[in-house]
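A short write-up of the structure that comes next.
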Amino acid sequence: MVGCLEECDVVSPQLLETLLEPLLHNDQHPRAYHMAQQVIEKASDQLQNALSLFFNSVLVDATTPHSLSTTSDMKDHVHTLIYETHKIQPGLLLYVLPNVCLQLQVDDMETRSNAIALMGRLFASSHADYGHQYLKNFREFLGRFRDVKKEIRLQMVTVCSIVAQRKPDLALLVDAELQLRLQDPEWDVRRLVVNELCDLATHSLASVSNASLREVGERMKDKKVVIRKEAMTGLAQIYAAHVSTSWTNGNKDATAVAQQLAWIPEYVLKCFAYPIQELRLRVVQLVDDILLPKSSTELFRMKGLLFMWKTLDAGSREALRRVFLERVQCRQIIRQFLALKQQLRQGNAANNGSSLQKCLKELSPLLPETEGLTGLVDKLATWKDLKLVKHLGVLCAATSDAAAIRQAREDVVKMVGSKTPLGDFIKNMCRKLAMTTVNASSVDCLLSILKDEPTHECVEVLHLVGSIFPHLLQPQVGRLEQLLAQGSSPHVVLPCVLDLLVCYAKFDRDGAPPVALKKSLLAHCTNQPLDVVKKSARILVSLFPGEVPGLVKKLRKPTSSGQSDATLQTLVVVTKHVPNVIVDATALFDQLVDVVNTSKKRETKCLALTLLSHLVLYQHVPDGHELNDQAPRDTACRRVYDLSFDLLQASTSKTSAPLRAVAASNLLKLTRVPRLERQLRIDEWHTLGYVLTDSDEGVRRAFLKKLTSNLLRHPSLNHKYVCFVALASSEPVVELKKEARTLLQSAVQRMRHMYETARSSAAENNPASSLMVPEYVVPYAVHLVLHSPWEGSEDVESLYFLLESLVSHVVSEADNISFLLQMLHKLSLCHDSTTSSTNNYPKDLSAILDAGTTWLKKRIKNQINLKAYPGQIYLPKHLFQPGKAPGTTTGSGAASKAAALNQDDDGEADVVERVQKKRPSAVKTDKPSKKAKVVSTKSPVVTPTRRMPSRHAKSADVSLADQDSDVDDEDNARPAPVEDETKSEDETNDDDNETKSDDETKSDDNDDDEETKSDDEVQVDSNKAENAESTTADKTTSDPYGPFCLSGISMAPEIDGKIVML
């Protein structure tokens, strides 16, 4: 037959149809198929023109003398015939492919779709390399990625993914188009591209560019949840395929691929911030099973965790910490459930089904999107099969390894039914509960790595695990004691072991610690670096409290060289956590005063000053008389105040910065106790506040940390110290300024919450609750700005900084603007009560108030911002008094200059001359801070219309007094009503002199470096604050308004150094 074809001048259509028809029936007639292939292959030169004419005529729908009849079935299968022909001889399509490309431009979508399918098969074929031979046609083919029809774009994604996988040389061209389709307006196109790119990269990382993978990572922010979920899953699989395998194989060196994909765990963990239950559960699953492969050994998984930790940023590390915190919370709930189950099984009538249901309902914040949670909880609480308790006990056990945990999780899901609603709930709960990321065997592996290859990453991960899962350290206490006794790598291993033992000491332990640990701790308390001494003493106090008196007696023995720094550090820790442990507290106090005054070592001075503060706070240092409001200047607290302020004001050099930081921190500690805080003078309060503007960043950072602890961890939120945070407005370090802004906003929110709680629980028409609103911080802030130590014009940036946190950016919620305006107006009718009538003070009160008024008026958007305030406004009388200061002049626009008047304890007034200072130069930053212009107008403040309620005030609480009482002249002032049951001032002072309550003397169980809590812990502390404030309200029986009510200005008396608060 080949010979016949060679002799023929022209191949007839009938003969061509006879040759091509067997190519359509490969499965039915394989012999005819192979014979046709051989004939066409051997006679390819004679058939070249005939086949080209036939295919082109069909593709362009033209009729030629050599074309088949219109009734032929070959035309319907032309694409199949073209593909089969290229398999025989690729060169036969030399003149055919351009006409196939023409079909990509036709209007009929079906025709374009068929052409795309054919060209995709041809470009991906292993029989030819059409992509390089017909590069122009291939680029035309890629242009269909921008087709107007979504179906065509979806088809192109699928077809070209196969081309990229089979033809690596064309992968980069395809990758560029797929990357663009990640921004497609149709979400299903974006979803398909994400899946195809992840599949390509899983099989061959070289087929996908790093830019495309990064763009897939950006799809974790897609508006479609399913795309976020599949993007993080696909990237995790890529990471597992190319990076996790190196851990399984024991490869210690991080390869270039591992470094290239190191960002994937970071992106995955950040998805835990989404408030979507499905995504959060997927993140946990990917970390437990994919990023850290469950098939690997525990040692390799921990090495992988260390590699991941090294590449994570601060946000991703926080996300991993939140994953662990939710796991701990879930474990506590389930353990409580198991305990109730056990008690119920033993016949305890006090624990019934309702207690079990109430316990399980605490899982609601962890699984907020569970449908029918109440019914599911009821079923689980009444489940009678005791195997459920057994499996949950394995999941909660501290000694369970990963294999046992995974098996218990599968068994409990299988028991309740994996495809039932209860099964889905149990599956999600176990995903939160199971300790599959780190467990008891994981801690053992981490300690082995720490011993063999101590790194900072290993130390950080161990500290994270120990602080969140202290129960995992209990089986490892013996090993920790061995590492402590060996003392290897004192700069890495020893501090890490001590940190873990500190975490273990805070844990509710079962059984006594090993006795051998006591000997090592006693040795480290006397002759080690100060950080090691501090941690060792903290552990000794918690684990072996019976050894503390003997240790203190040993440390107090007189020596020729005096007390060492290690001795002072140990005493600092002991005096804080063990009350009344110092027998000769008075003698020690006098010795420490001499040390502070005479020592030349900076560290010794810092330790001695801290120990003095602890003796005053936690130990009994008798003064020979009772403390009262007129306490003598030689009290122990007064002496500590004098030493601390001398150190604060002695020098502003870099070398004395640690002394200033320690002095300021200790002063803040003393102000926690009202009995001690009352001894702080107003000028000293000013000096303490302006530590936040110190020239050294370390001092400002330490002060802000301690101030955060005071405001968020202790129940008595005081307006007097909240205003300190506003002084951070000029902070040049962006990070610190952001922390200060967050702290100020948190304090304002807590004060509002406390006010709402006190208002709902207090008696009707009790005005004392209104003094708790955070707006009353403004008078204190104004007084601080008025007494600024800087030379020059008034610095009102601090006032702006405070007002930004007080006034909501939402127009409908900014209902306190009018209240603040009226408060500033009332302040303009007063004068500074600490000024003298003979000298002029360098700050202009009117300019400060005018600037604040102008700022507030710019925030007025509608009448909602000017609602009526139904009550009176109270100002602190120890800072401001009604009327103008005696001896002041008007017309110049400047406030009177006066020196600060300090009240001695015996009532005599001493004038202290204030020394003007220059503001320290700000730290140079890339972006200079923008300061608002100070607007100082000389026109009087316009009094707003009396339409301003307190926040969420009820109409029943509105006073029916004269509506114009707020703007009356001083001549029309009327005295405030006095209740029948009032106490004299002496009786009030006597009450104040009573022994401080347990809350005031209760020592802080946490170390100084652990005083700042996370947002979740702050939430818990706010409940304590509400209870404390509510208790104070019940005890308030005296008149809270004081003797003034002039021009509608009511002065609140100074009780415990602050405005009366509930």
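Counting from 1, one number per residue, gives the positions in the sequence shown under the UniProt record's numbering. Every residue gets a Cβ at the ideal spot worked out from N, C-alpha and C, and that includes glycine.
From residue i to residue j, what does the alpha carbon distance come to, in whole angstroms?
i            : j    : result
Q881         : H831 : 6 Å
S788         : L281 : 52 Å
K177         : Q259 : As written in the sequence, residue 177 is Glu, which differs from the Lys given in the question. Near 26 Å, if we compare the C-alpha coordinates of Q259 and E177.
D991         : L771 : In this prediction, D991 scores a pLDDT of 40, lower than 50, which makes its location untrustworthy; the coordinate-derived value is nonetheless stated afterwards. Going from the Cα of D991 to the Cα of L771 covers about 21 Å.
T311         : E457 : 10 Å
L824         : V782 : 9 Å
Q28          : S52  : 27 Å
P168         : L446 : 42 Å
residue 1068 : P490 : Missing from the structure shown is residue 1068; the chain here goes from 1 to 1062 and no further.
C723         : S760 : 26 Å
G131         : F123 : 6 Å
residue 1063 : A117 : Beyond the ends of the chain as shown, which are 1 and 1062, falls residue 1063; an answer cannot be given.
V552         : L643 : 25 Å
D184         : I152 : 13 Å
L667         : D444 : 43 Å
R112         : V216 : 28 Å
Y780         : D584 : 40 Å
R335         : R322 : 20 Å
K384         : G417 : 15 Å
L20          : D61  : 19 Å
Q528         : L786 : 48 Å
L647         : A663 : 7 Å
S57          : V194 : 40 Å
L386         : G393 : 11 Å
D904         : L670 : Its pLDDT being 36, under 50, D904 is placed unreliably in this model, and the value from its coordinates should be taken loosely. If you take the alpha carbons of D904 and L670, they lie about 19 Å apart.
H77          : N99  : 16 Å
Determine the extent of the beta strand (DSSP E) in which residue i is found, giving its start and end residues.
i    : result
L450 : Premise fails: L450 lies in the alpha helix (DSSP H), A440 to D452, not in any beta strand (DSSP E).
Y874 : I873 to P876
Please classify residue i: is it buried, with 16 or more other beta-carbons within 10 angstroms of its beta-carbon, or exposed?
i    : result
M308 : buried
Y641 : buried
K861 : exposed
Name the DSSP bridge partner or partners of residue i?
i    : result
P882 : C830
Residue i lies in the alpha helix (DSSP H); which residues open and close that run?
i    : result
Y800 : E797 to L806
K379 : L373 to A381
D499 : V493 to K506
T586 : A585 to T598
N428 : P421 to L433
H242 : That residue, H242, is in no alpha helix (DSSP H); it is neither H nor E in DSSP.
G550 : V548 to L555
Q486 : V477 to Q486
Beta carbon of residue i, beta carbon of residue j: below 9 Å?
i    : j    : result
V96  : L59  : yes
S442 : M302 : yes
E547 : L517 : no
E684 : F645 : yes
Y274 : R214 : no
S209 : L172 : yes
A434 : L464 : no
L592 : L617 : no
E453 : L530 : no
V461 : L338 : no
Y504 : P545 : no
A164 : D175 : yes
V581 : V572 : no
V243 : V257 : yes
P475 : A404 : no
E266 : S316 : yes
E41  : I82  : no
L292 : C330 : no
T233 : I276 : no
L692 : L704 : yes
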